[in-house]
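To keep things clear, I will list the structure first and then write my remarks on it.
Numbering (the numbering used here), first residue to last: 1 to 60.
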C-alpha cells in the first residue's frame, strides 16, 4: 500500500525525526480541521450540540 498519497508533497525534505514525532496524513488533518472549525468541544462533557457532535464523532 502506497501511503505517500496521504501526505502533502514536500520538496527536497528529508524527515529524520520520526522517532519523536511523525508526519500527519491528509485525512487526519482534514478531520482535525473539521473538529476545530465546526464543533470543538469535550467528549461526553455536556448536553449542548457541540458536545453531542464531538461525542458522536468520537464513538464512531
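Ideal Cβ placement from N, Cα and C applies to all residues, glycine included.
Item checked: Between the CA atoms of residue 47 and residue 26 - distance to the nearest angstrom -> 31 Å
Checklist line | Segment limits, alpha helix (DSSP H) that includes residue 33 | finding: 26-38
Notebook entry, point to check: Is the CB-CB distance between residue 36 and residue 54 below 7 Å?
Noted result: no
Note to self: Given a cut-off of 7 Å on the beta-carbon distance, is the pair residue 7 and residue 23 in contact?
What the structure shows: yes
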